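In what follows, a structure is listed as structure tokens, so that the remarks can point back to it.
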Amino acid sequence: MALTGVEIFKLLPKTNCKKCGHPTCLAFAMKLAQRQATLDLCPDVSEDAKRILGEASAPPIRPITFGSGDKAVKMGEETVLFRHDKKFVNPCTLAIELKDSLSESDISKKLDEVLTSEIDRVGQKLRVDAIALTNASGDKGKFEAAAKLISSKASGVPVILSTTDPASAEAAVKLFTGKRPIIYGVNASNAEAMANIAKTEKAILGVVANGLDELSTLTEKIKSLGVEDMVIDSGARKAKDIVENNTLIRRAAIKKNFKPLGYPVINFVQREDSLYEALIAAVGITKFSSILVLISIEKWKNLAMFTLRQNIYTDPQVPMQVEQKIYKIGEPTAESPLTITTNFSLTYFIVSGEIENSKIPTRLAVMDCEGLSVLTAWAAGKFTASKIATFIKESGIENEVKHRELIIPGYVAIISGSIEEKLEGWKVTVGPREANGLPAFLKART
Ligand code: SF4
Numbered sequence: 157m158a159l160t161g162v163e164i165f166k167l168l169p170k171t172n173c174k175k176c177g178h179p180t181c182l183a184f185a186m187k188l189a190q191r192q193a194t195l196d197l198c199p200d201v202s203e204d205a206k207r208i209l210g211e212a213s214a215p216p217i218r219p220i221t222f223g224s225g226d227k228a229v230k231m232g233e234e235t236v237l238f239r240h241d242k243k244f245v246n247p248c249t250l251a252i253e254l255k256d257s258l259s260e261s262d263i264s265k266k267l268d269e270v271l272t273s274e275i276d277r278v279g280q281k282l283r284v285d286a287i288a289l290t291n292a293s294g295d296k297g298k299f300e301a302a303a304k305l306i307s308s309k310a311s312g313v314p315v316i317l318s319t320t321d322p323a324s325a326e327a328a329v330k331l332f333t334g335k336r337p338i339i340y341g342v343n344a345s346n347a348e349a350m351a352n353i354a355k356t357e358k359a360i361l362g363v364v365a366n367g368l369d370e371l372s373t374l375t376e377k378i379k380s381l382g383v384e385d386m387v388i389d390s391g392a393r394k395a396k397d398i399v400e401n402n403t404l405i406r407r408a409a410i411k412k413n414f415k416p417l418g419y420p421v422i423n424f425v426q427r428e429d430s431l432y433e434a435l436i437a438a439v440g441i442t443k444f445s446s447i448l449v450l451i452s453i454e455k456w457k458n459l460a461m462f463t464l465r466q467n468i469y470t471d472p473q474v475p476m477q478v479e480q481k482i483y484k485i486g487e488p489t490a491e492s493p494l495t496i497t498t499n500f501s502l503t504y505f506i507v508s509g510e511i512e513n514s515k516i517p518t519r520l521a522v523m524d525c526e527g528l529s530v531l532t533a534w535a536a537g538k539f540t541a542s543k544i545a546t547f548i549k550e551s552g553i554e555n556e557v558k559h560r561e562l563i564i565p566g567y568v569a570i571i572s573g574s575i576e577e578k579l580e581g582w583k584v585t586v587g588p589r590e591a592n593g594l595p596a597f598l599k600a601r602t
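Taking my numbering, the leading residue of the sequence shown gets 157, the next gets one more, and so forth.
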């Protein structure tokens, strides 16, 4: 159970020395209880208190790194049930299932799909993160051969090795030594053997049970065997059961600090009907899955999955922003057009994308409006004539361009005259309202 602020206070030095940045030990204890501070800020806490508080102040869902190197993914560390309370921390990992019963060429084809799945969306690289190899053949040799193919063709991609047979798991996991794979398929009958393999290979265990009671008994048993890094599967496969069990797990971990269920959740949502599979996966993304295993991700599906995941895992209280500066698109000369917009990420990426489409080298002045879009920023008094004039003057652009013409978004045509008044010697041209009008607008000027 989580400790209260007063219980934590009793374990602190009570000297009120302020070294932790808080006025009193009690104030620091309250912050610790709310998980808004970490114990390492107090340099004088005793070893005994560290042990007790360390356990109590650990994230309710165990942080785990799956895979290694650039493509490693982080899981767990979540502290809230709702993203309006606090940002969700580690985005759900999307994994594609490969069966060892597939032919070598089919496995290679799927690996290529995974390796080429990356897209760039509003400045973030998004991709299929992992491969889940299933021992569908039941044959140790085939499982090992497929694992070997994955380790040679997609060596950096995190791997889930799915089998209930410890001998097959051991043969395959040795191909991923040091790469933090997951051995999935750990149950009451193979737990000891799987725990021994995980300890030797420093692998993560994927624990599966029939319901939450069985699951928590099993994770306790595995922990007592010396393995702490686990991902858990309640056995839910239907959308309704995934929502129900994932919610109960998250509640138990966060509200009750119930350690046996304080692990990242893995859900298997494979469906032959691709659209149906996407719908079930969307349920998992929105309701607490840390790993989703799918059969396939076509490009259309990628876009839907990635976009939903990105939206769920951004901070709803902080708009996504890009840096305030003058961006060069193409190779603009001193005569090239100069346009302006706000620093809301989505606005920037849409506007810059349309300018790129025009093939007209252009400078895009992006002004800090606290991440608001053009109309909202104007309405909030952040994209005003005087602020735009100050930004342009201080940006140094007058040394870069020979002309004195600024193209503003059509939505703020109303301030064109005021900008000209405040920005002496400049002409303001009203551009299109929507970014998709920019290519035709820019081409018409050449
Ligand atoms: Fe108390 Fe430690 Fe903070 Fe000092 S640093 S005020 S002893 S909690």
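Every residue gets a Cβ at the ideal spot worked out from N, C-alpha and C, and that includes glycine. Computed from a prediction, not measured in an experiment: that's the story for all the values here.
Legend entry - Cβ pair count under 8 Å reaching 3, the segment 319-338 against the segment 257-276: No: the two stretches stay apart, fewer than three of their Cβ pairs being nearer than 8 Å.
Inset, instruction - Under 7 Å from any heavy atom of the ligand SF4, by CB: list those residues in chain order, please. - result: A residue is listed when its beta-carbon falls short of 7 Å from at least one non-hydrogen atom of the ligand SF4; in chain order these are Leu168, Pro169, Lys170, Thr171, Asn172, Cys173, Lys174, Lys175, Cys176, His178, Thr180, Cys181, Phe184, Leu197, Cys198, Pro199, Asp200, Val201.
Legend entry - The alpha helix (DSSP H) enclosing Val270, as first and last residue numbers: Run containing Val270: 260-271, per the alpha helix (DSSP H) assignment.
Inset, instruction - With a floor of 4 residues, list each alpha helix (DSSP H) that falls wholly inside the segment 269-313, ordered by position along the chain. - result: The segment 269-313 contains these whole alpha helix (DSSP H) runs: 296-309.
Inset, instruction - Could you check which residue in Ala541, Ala545, Glu550 has the C-alpha nearest to that of Ile571? - result: Looking at the Cα atoms, Ala541 is the closest of the given residues.
Inset, instruction - Output the boundary residues of the alpha helix (DSSP H) element that contains Ser501. - result: Membership of Ser501 in the alpha helix (DSSP H) is indicated by the continuous run 501-514.
Legend entry - Selected residue, minimal CA-CA separation from Ile220, among Lys298, Arg336, Leu331, Thr503: Ile220 has its Cα closest to that of Arg336, out of Lys298, Arg336, Leu331, Thr503.
Inset, instruction - For the segment 562-601, list the alpha helix (DSSP H) runs that are entirely contained and at least 4 residues long, ordered along the chain. - result: If we require 4 residues or more, the alpha helix (DSSP H) runs fully inside the segment 562-601 come out as 572-578, 594-600.
Legend entry - Through-space distance from Val364 to Ile436, alpha-carbon basis: Rounded to the nearest angstrom, the gap between the Cα atoms of Ile436 and Val364 is 19 Å.
Inset, instruction - Would you check if the distance between the CB atom of Asn458 and the CB atom of Val229 is smaller than 9 Å? - result: Contact check for Asn458 against Val229 fails: the beta carbons are separated by 9 Å or more.
Inset, instruction - Indicate the three-state DSSP secondary structure (helix, strand or coil) for Thr489 in the structure shown. - result: The answer is coil: DSSP assigns Thr489 none of H, G, I, E or B.
Inset, instruction - Since I believe Asp268 is in contact with Ala302 (beta carbons under 8 Å), could you give me their beta-carbon distance rounded to a whole number of angstroms? - result: The beta-carbon separation of Ala302 and Asp268, rounded to 15 Å, does not stay under the 8 Å limit for a contact.
Legend entry - the segment 453-472 touching the segment 484-497, judged by at least three CB pairs closer than 8 Å: As far as the Cβ criterion goes, the segment 453-472 does not touch the segment 484-497, which means the pair count is below three.
Inset, instruction - Go ahead and pull the three-state DSSP assignment for Thr518. - result: The answer is strand: DSSP assigns Thr518 an E or B state.
Inset, instruction - Would you mind stating whether Thr498 and Val522 have Cβ atoms separated by less than 9 Å? - result: Here Thr498 is near Val522, since their CB atoms are less than 9 Å apart.
Legend entry - Selection from Glu554, Ala545, Val507 that minimises the alpha carbon distance to Asn592: Asn592 has its Cα closest to that of Val507, out of Glu554, Ala545, Val507.
Inset, instruction - Count the other CB atoms, across all protein chains shown, that sit within 10 Å of the CB of Phe238; report buried if there are 16 or more and exposed otherwise. - result: Its Cβ having fewer than 16 others within 10 Å, Phe238 is exposed.
Inset, instruction - May I ask which residues mark the beginning and end of the alpha helix (DSSP H) holding Asp397? - result: Note, Asp397: alpha helix (DSSP H), 395-411.
Legend entry - Three-state secondary structure (DSSP) of Met523: Note: Met523 maps to strand in three-state DSSP.
Inset, instruction - Give every residue of the same chain whose Cβ lies closer than 8 Å to the Cβ of Leu598, excluding the five residues on either side of it in the sequence, and list them in chain order. - result: Residues Pro493, Ile511, Ser514, Ile516, Thr518 of the same chain have their beta carbon placed closer than 8 Å to that of Leu598, with the five preceding and five following residues left out of the count.
Inset, instruction - Return the CA-CA distance between Cys181 and Gln190, expressed in angstroms with no decimal places. - result: Distance from the CA atom of Cys181 to the CA atom of Gln190, rounded to whole angstroms, is 14 Å.
Inset, instruction - Could you pull the start and end residues of the alpha helix (DSSP H) that Met350 belongs to? - result: DSSP places Met350 in the uninterrupted alpha helix (DSSP H) bounded by 347-357.
Inset, instruction - Sort Ala395, Lys296, Pro565 by Cα distance to Ile544 and report the nearest one. - result: Sorting Ala395, Lys296, Pro565 by C-alpha distance to the C-alpha of Ile544 places Pro565 at the top.
Legend entry - Continuous alpha helix (DSSP H) stretch holding Tyr432: start and end: Residues 430-442.
Legend entry - Nearest-angstrom Cα separation, counted from Thr235 out to Pro215: Rounded to whole angstroms, Pro215 and Thr235 show a C-alpha spacing of 7 Å.
Inset, instruction - Compute the distance between the beta-carbons of Pro475 and Glu526, then report whether it is under 9 Å. - result: Yes. Within cutoff.
Legend entry - 8 Å CB neighbourhood of Leu502 in its chain, flanking five on each side removed: Counting only Cβ-Cβ distances below 8 Å, and skipping sequence neighbours, we find Val278, Met476, Ser529.
Inset, instruction - Round the Cβ separation of Gly367 and Ser390 to the nearest angstrom and send it over; I've been treating them as touching at under 8 Å. - result: By a beta-carbon distance limit of 8 Å, Gly367 contacts Ser390. Their separation comes to about 6 Å.
Legend entry - Opposing strand residues paired with Ile422 [DSSP bridges]: Bridge partners of Ile422: Ile447.
Inset, instruction - Return helix, strand or coil for Lys227, following the three-state DSSP convention. - result: The answer is helix: DSSP assigns Lys227 an H, G or I state.
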